[in-house]
Structures are given as C-alpha cells and as structure tokens.
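Worksheet: the structure to be examined is printed underneath.
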Amino acid sequence: MDASDLGRMLVILGIVVVVFGVLLVVGLPLGRLPGDITLRGDGWTFYVPIATSIVLSVGLTLVFALAAALGRH
Numbered sequence: 122m123d124a125s126d127l128g129r130m131l132v133i134l135g136i137v138v139v140v141f142g143v144l145l146v147v148g149l150p151l152g153r154l155p156g157d158i159t160l161r162g163d164g165w166t167f168y169v170p171i172a173t174s175i176v177l178s179v180g181l182t183l184v185f186a187l188a189a190a191l192g193r194h
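Residue numbers (my numbering): 122 to 194.
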C-alpha cells in the first residue's frame, strides 16, 4: 500500500464519518429502533440495542467492502 492508497482510504473514511454525523443531526433513530429491547423497573433501566447493532453491522460491512474494492483498483 502506497501513500496514494492510504490517502484514498482516509478520504473515504472521512466521507463516511461526515455522512454518519449528518444522519445523527437530522434525527437518525439509532438507539430507538423497533427490535431494541428496553426493560424498566423502579430506579433501573436495562437496554439491549439488538436492531441498532444489526443496522450498524450491515452498514459498516458495506463501507469496508466498498473501501476494499476501491483499494484494489
């Protein structure tokens, strides 16, 4: 990997971070998706973000696959 490949990957990573930041600002409902489990009791809350974890996993898999495909060219 030479410097131009590293630079290209850093630009892609930066774009992904910016897009994710914009989605959070406009109200992406991460942490409140149907499928996330929240249990509340007297003075305690237990939260399991199952759907959020799946969405993030699929998204990051696509991003890294795209970065790997662009890195091979």
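Even for Gly, the Cβ is constructed at its ideal location relative to N, Cα and C.
Taking the straight line between their C-alpha atoms, what separation do you get for residue i and residue j?
i	j	result
R129	G192	8 Å
I133	D157	30 Å
V140	T182	16 Å
D246	T159	Lying outside 122 to 194, the shown extent of the chain, residue 246 is not represented and no answer is given.
When DSSP labels each residue in this structure, what does residue i get in the three-state scheme?
i	result
D157	strand
G142	helix
G192	helix
L183	helix
L149	coil
From the DSSP secondary-structure annotation, give me the bridge partner or partners of residue i.
i	result
V169	I158
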